[in-house]
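Each residue of the sequence shown is one higher than the one before, counting from 929 in this note's numbering.
The beta carbon of each residue, even a glycine, is placed where N, CA and C say it ideally should be.
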Amino acid sequence: MAETKQILTGSGAGRIRPHPLLIPCALLVLGLFVAIPLVLGSMPYWLTVATNACLMAFASLGVWLTFAIGRVNIAQGAFAMIGGYAVGLLTTIGGLSFWVSLPLAGLIAALVGFVIGWPLLRLRGIYFSMVTLSLTEAVRLAFLNLGNMGGWGASSGVTNIPAPPGITSPLAFYFFAAALLVLGFAGIWRLQGSRIGGVLRSMRQNEELAASIGINVALYRAAAFTICSFMGGIAGGVFASLQQNIYPQTYTVADSINMMLYCFVGGLNFVSGAIVGTFLLIVSFELLRAIQEYQALLYGVLMITLMLFLPNGVLSLTEVVRRLLGGRK
């Protein structure tokens, strides 16, 4: 009798449970592929804003991964610039297809990230943050000088970058960027829920303790930073193709800081925090564009308000509401 009840109610060990990744991915797909195209499909400008938000969110997911190892990374703009220049040069000078150039750009950015990150990740706290902050400016100046030496010119950058074959409209480019974001989200979510994610979390808590039980801390740190750099390079390469140009001024220190802030605003305890924070701040900034004189001021007030009342990010609001409702019962 008990077995019959168990079967009818669907309880017990034999019950089929959905994969934890299924629900957040389904919500993300519905939002990106149904809601946004329905609302913004006839508005090219806002569709471009949504495309940029998808690419920035993809890059910010990489930054979130470095937070998972206890490092505040402010260098993602540097790797986005490396990826953008790689796609630009490989397609215009090298004559390669975009679909070949894009993964190569990600690999180049990942290689640079690994080489730089291996010694750099020995630093912690404010020291690591300050070095990564200066890295974006160093890369920008490097491309500025290399551009003069290579004949591109300091201000001309790389232009006439071809669009991806088969992607000819703003809506098509948006769907491409949205698909890239979904893949990035699924990959990072799966990573943080795996054994490797557990290792990264243990390193964030106490690197010395993690090393004492046989974890190769240096290798895991470098791997996380390399994945972050790869995602930055991919995002920068796609953005260069979208704009059909890349300049030394395309990515500055402010862009690296923004990618870090997107993670803070969304919530560092949530993988989707980087996505929520990116869309919230980019859309807010665009909505405030109509009042240009007060745009920066209101944007700053919004940031301060969020940090004061939701220090754990916007997504922590669900926990606050749940706690309040629980206290009333």
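In three-state terms, what does DSSP make of residue i?
i       : result
ILE1124 : helix
ILE1143 : coil
ASN1173 : strand
SER1086 : It is worth fixing the name first, because residue 1086 is Val in this sequence and not Ser. Of the three classes helix, strand and coil, the one that applies to VAL1086 here is strand, per DSSP.
PHE995  : helix
VAL1229 : helix
ASN1073 : helix
ILE1155 : helix
THR979  : helix
PRO1047 : helix
MET984  : helix
LEU1196 : coil
ALA1003 : coil
TYR1179 : coil
LEU1020 : Going by the sequence as given, residue 1020 is Thr instead of Leu. In this structure, THR1020 counts as helix in the three-state DSSP scheme.
GLY1241 : coil
ASN1260 : In this structure the chain extends from 929 to 1257, so residue 1260 is not present and cannot be described.
SER1062 : helix
THR1096 : coil
GLY1112 : helix
ALA1008 : helix
SER1130 : helix
GLY969  : coil
SER1025 : coil
Does residue i pass the burial test, meaning 16 or more other C-beta atoms within 10 Å, or should it be called exposed?
i       : result
TRP1117 : buried
ALA1082 : For ALA1082, the predicted structure reports a pLDDT of 45, less than 50, and the residue's modelled location is therefore unreliable. A value from the coordinates is still provided. Classification for ALA1082: exposed.
THR1178 : buried
ILE1054 : exposed
ALA1008 : buried
THR1019 : buried
GLY1228 : exposed
TYR1102 : buried
SER1025 : exposed
PHE1192 : buried
ILE1010 : buried
SER1097 : exposed
LEU955  : exposed
GLY1165 : buried
GLU1247 : exposed
CB-CB under 6 Å to residue i, same chain, minus the five flanking residues each way: which ones, in chain order?
i       : result
GLY1016 : VAL1086, ILE1089, ALA1168, ILE1174
MET1058 : none
VAL1000 : SER1057
GLY1172 : According to the sequence as given, residue 1172 is Gln; it is not Gly. Taken in chain order, the residues that qualify are ILE1089.
ARG1068 : PRO1176
ILE1095 : PHE1101, PHE1104
ALA1014 : ALA1033, ILE1036
Please report whether the beta-carbon of residue i lies at a distance below 8 Å from any beta-carbon of chain D.
i       : result
MET1058 : Included in the structure is just one protein chain, with no chain D present.
Quick one: what's got a C-beta closer than 8 Å to residue i's C-beta in the same chain, skipping five residues either side?
i       : result
MET984  : ALA1163, ASN1186, MET1187, TYR1190, THR1206, ILE1210
VAL1040 : PHE1007, ILE1010, SER1157
ILE1203 : LEU956, ALA985, SER988, LEU989, LEU1109, PHE1113, GLY1194
SER1130 : LEU1137, ALA1138, ILE1143
Could you give the C-beta distance for residue i and residue j, rounded to a whole number, given that I count them as a contact under 8 Å?
i       : j       : result
SER1212 : LEU1196 : Actually they do not touch by this definition, with Cβ atoms about 20 Å apart.
ALA981  : LEU968  : Not a contact, Cβ separation roughly 11 Å.
GLY1005 : VAL1181 : 7 Å
GLY998  : ARG1132 : 4 Å
PRO1092 : PHE1104 : 7 Å
VAL1242 : LEU1208 : 6 Å
LEU1002 : GLY1161 : Rather than Leu, the amino acid found at residue 1002 in this sequence is Ile. Actually they are not in contact, since the Cβ atoms of ILE1002 and GLY1161 sit about 17 Å apart, beyond 8 Å.
GLN1120 : ALA1038 : Rounded, the Cβ-Cβ distance is 19 Å, inconsistent with contact.
Any chance the CB of residue i is under 7 Å from a heavy atom of the ligand PLP?
i       : result
GLY1161 : In terms of ligand content, the structure shown is empty, and the ligand PLP therefore cannot be addressed.
For residue i, which residues in the same chain have their Cβ closer than 7 Å to its Cβ, ignoring the five residues on either side in sequence?
i       : result
ASN1240 : GLY1195, ASN1197
LEU909  : Residue 909 lies beyond the range of the chain shown here (929 to 1257); nothing can be said about it.
GLY1112 : PHE986, LEU989, MET1159
LEU1245 : LEU1238
Check your understanding: For the segment 1155-1172 against the segment 987-1000, are there 3 or more C-beta pairs whose distance is under 8 Å?
Key -> Taking 8 Å as the limit for Cβ pairs, the verdict is that the segment 987-1000 does touch the segment 1155-1172.
Review point. Using 8 Å as the threshold, is the segment 1037-1055 in touch with the segment 1141-1152, meaning 3 or more CB pairs across them?
Key: They touch, by the three-pair rule.
**Study point:** At least 3 beta-carbon pairs within less than 8 Å: the segment 957-967 vs the segment 1135-1142
**Key:** no
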